[in-house]
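Quick note on this note's numbering: the sequence shown kicks off at 19 and runs consecutively. Ideal Cβ placement from N, Cα and C applies to all residues, glycine included. Right, one structure below, let's go through it.
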Amino acid sequence: MRIYDIIAKKRDGYELTDEEIAFFVRELTKENIKDYQATALLMAIYIRGMSDREMITLTKEMAASGDTLSLSELGITADKHSTGGVGDKTTLIVAPIVASLGINVAKMSGRGLGHTGGTVDKLESIEGFRVSLSADEFISQVKSIGIAVVGQTGQLAPADKIIYSLRDATATVGSVPLIASSIMSKKLAAGSETIVLDVKYGSGAFMKTTADAETLSRKMVDIGKAAGRKMAAVISDMGTPLGKCIGNSLEVKEAIEVLKGNGSEDLKEVCLTLAANIVSLSLGTDTAAAREMAEKALANGSAYEKFKELILSQGGNVSQIESPDKLPKASTVYKVLAPESGYIAEMQAEIIGSASVILGAGRLTKEDSIDYAAGIILHKKTGDKVTAGEAIAELHTNDDSKIKDAERLFLSALSFSNKKPEKPPLIYKVIK
Ligand code: URA
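Structure (structure tokens):
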């Protein structure tokens, strides 16, 4: 078999066989395929697309290209994945809710890049929290307390790592079969039986429209089912940041508020929808009963207690959870004032995420370091009425020189209107 012939076949619009796809993934992982040939094939896939069979085979081969976790000894296991967003701290809330209901969560999470944040960075803002556990520590923690959250190791789906970096450099990221196989290869390799995906749509998401988010969701759900997993995808709005806080320690604080039964309604709603779907698929209850169980876990404090157990088990300073004022705090808090009166018609999540990166909350390249205290607190959100001169947000940073640039960018994300705007649906659809 020759990679040259596989490229030519896809270039001309023909379907690849399972053997050809397996050859590509295997030889690429062994570094036997030149970057220029791999990217030629990825561009041909980008332009010609893939059949469902090709996409499922590609995903399974990528999942099998490195370590695969076998979690069967743990009993009921569930995982969630977000396609990425601004202010998205749902893992910090959903994972303890479902773990408190007896569903094991052995979760591998990512770091933030560009305008989107990552769960691992948020957890690292807690003093002492260890995101690298050995495989044995990871499994034995899940056995004893039902939850562990760690950073993803390089050995999980290494073919995806290679393919993603080539796509990133060659304008081939935005292809549904390539995105679906990339995300699902890592989820399949991570081993959980139930997988619930939070697929975002809107300005801060990969998928800008509900139609594109639905197409991607359907493909990922079908891939998971073909691999024998219990699957659902919740399509949720990322036109506006989720909740009120953006930035690592600020988001941990907000997650604690929700775990204590308070917090923003939009954030709580997305978390409860995700948790209800995980519980329903994992325990076989209907979604309404599952939602009630999740609500109860928040109301009776069991999800909050589970979160504290997670932090303690991984070496984190629990007193920062009990007294969130002890979490990293910025030296400067700057109030952004409304430049005009009216309703906030738009608050574009991607731009606000980028403003928080300027303040130090995120990284532009993988090597950049993070200021855990930096970020933004939104006092007002899309649909709210404001008066000129009123504080609409706080910018938090340890580097004063960044304030003016961040403020300029933040304000460019907003538009105002005299009429109350119609908000896009927070939860557009659940695909099963
Ligand atoms: N996230 C991934 O892991 N892969 C993609 O291709 C896009 C988003």
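What I want to know is whether the C-beta of Val191 ends up closer than 7 Å to one or more non-hydrogen atoms of ligand 1. Yes, the Cβ of Val191 comes within 7 Å of a heavy atom of ligand 1.
Taking only beta-carbon atoms, is Leu330 less than 8 Å away from chain B? Of the protein chains in the structure, only one exists, and it is not chain B.
Got a sec: does ligand 1 put a non-hydrogen atom nearer than 7 Å to the Cβ of Thr101? yes
Taking only the alpha-carbon atoms, compute the straight-line gap between Gly407 and Leu355 and give it to the nearest angstrom. 5 Å
Quick check: the segment 248-255 against the segment 229-240, are there 3 or more CB pairs under 8 Å? yes
List the endpoints of the continuous beta strand (DSSP E) containing Lys125. Unbroken beta strand (DSSP E) run through Lys125: Val123 to Ser127.
My understanding is that Thr305 touches Asn295, with C-beta atoms under 8 Å, so please give their C-beta distance in whole angstroms. 7 Å
For Gln462, count neighbouring C-beta atoms within 10 Å of its own C-beta (all shown protein chains included) and say buried if the count is 16 or more, exposed if not. Any answer about residue 462 is impossible in this case: the structure gives the chain only from 19 up to 450.
Would you tell me roughly how many angstroms separate the C-alpha atoms of Ile274 and Ile213, rounded to the nearest one? 24 Å
Please report the straight-line C-alpha distance between Ile362 and His397, rounded to a whole angstrom. Our two residues, Ile362 and His397, have alpha carbons roughly 12 Å apart in a direct line.
Only counting runs of 4 or more residues, tell me where the alpha helix (DSSP H) segments fall wholly within the segment 296-322, in order along the chain. 305-317
Hey, which residues come within less than 5 Å of ligand 1, measuring from Cβ to any heavy atom, in chain order? Answer in sequence order: Ile197, Ser200 and Ile201.
Taking 8 Å as the threshold, find out whether the segment 183-196 comes into contact with the segment 137-148 through three or more Cβ pairs. The segment 183-196 vs the segment 137-148: no contact.
According to DSSP, simplified to helix, strand and coil, what is Tyr352? strand
Is it true that the CB of Ser210 sits closer than 8 Å to the CB of Met80? no
Tell me Asp186's beta-bridge partners as DSSP assigns them. None, per the DSSP bridge assignment.
Please report the residue range of the alpha helix (DSSP H) in which Asp23 lies. Ile21 to Arg29
Between the alpha carbons of Met73 and Ile241, how many angstroms are there, rounded? The straight-line gap from Cα to Cα measures roughly 8 Å.
Cut-off 6 Å between Cβ atoms - residues of its own chain near Gly130, not counting five sequence neighbours on either side: Gly136, Asp139 and Gly380
Enclosing alpha helix (DSSP H) for Met365 [first to last residue]: Element bounds for Met365: not the alpha helix (DSSP H) but the beta strand (DSSP E), Gly360 to Met365.
Ends of the beta strand (DSSP E) at Tyr64? No beta strand (DSSP E) contains Tyr64, which is instead part of the alpha helix (DSSP H) from Asp53 to Arg66.
Excluding the 5 residues flanking Asp18 on each side, which residues of the same chain have their C-beta closer than 7 Å to its C-beta? Given that the chain is displayed from residue 19 to residue 450, the structure contains no residue 18 and the question cannot be resolved.
Classify Lys353: buried if its beta carbon has 16 or more other beta carbons within 10 angstroms, exposed otherwise. exposed
Pick out whichever of Thr35, Val270 and Ile24 has its Cα sitting closest to the Cα of Ala58. For Ala58, the nearest C-alpha among the options comes from Ile24.
Test item: CB-CB of Lys218 and Ser69 under 8 Å: no
Touching by the beta-carbon criterion (3+ pairs, under 8 Å), the segment 420-427 and the segment 263-283: no
Per DSSP, which residues does Ser282 bridge with? Please list them. In DSSP, Ser282 forms no bridge with anything.
Asp30: buried (16+ other C-beta within 10 angstroms of its C-beta) or exposed? exposed
contact_flag[the segment 163-172, the segment 113-122] where n(CB pairs < 8 Å) is 3 or more: Contact holds: three or more Cβ-Cβ distances are below 8 Å.
As assigned by DSSP and simplified to three states, the class of Glu287: helix
Could you pull out every residue in the same chain whose Cβ sits closer than 7 Å to the Cβ of Ile370, ignoring the five residues on either side in sequence? Val104, Pro259, Ile264, Ile394, Phe428 and Ala431
May I ask you to list the residues that DSSP assigns as paired with His99? Leu215
Could you pull the start and end residues of the alpha helix (DSSP H) that Val116 belongs to? Thr108 to Ser118
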